[in-house]
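Since the structure comes first, as structure tokens, the remarks are kept for the end.
Residue numbers (the working numbering): 3 to 110.
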């Protein structure tokens with residue numbers, strides 16, 4: 003699945019780079035402190051990078067929740083596997099004791 007995301011990111015980056023090459027004109031970039039003349043390519047690249055960073059930052063809380071949930075599920079699985087092992091071992095011990103007791107009563 004990770005390779006799929008990498009391929010998608012690569013394709014999007016390639017399309018953006020191609021679009022930037024085709025539309026390489028000077029524009030006036032208005033921001034809070036003034037206006038600056040930059041190429042459309044630079045403005046598009048900055049917008050792409052800023053959007054990507056916003057998307058990554060927006061995903062962080064969900065990733066943290068998923069990691070915590072994963073750890074809790076792993077811990078729960080570990081506890082249940084240990085419980086199952088202890089039940090199997092206690093069952094096999096009781097069966098071997100019954101066989102031993104049954105064998106002794108047959109001899110008498």
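Even for Gly, the Cβ is constructed at its ideal location relative to N, Cα and C.
- Only exposed fits residue 102, as fewer than 16 other CB atoms lie within 10 angstroms of its CB.
- Only buried fits residue 43, as 16 or more other CB atoms lie within 10 angstroms of its CB.
- Put simply, the backbone Cα of residue 55 is about 57 Å away from that of residue 94.
- DSSP, read as helix, strand or coil, puts residue 27 in coil.
- Bridge partners of residue 99 according to DSSP: none are assigned.
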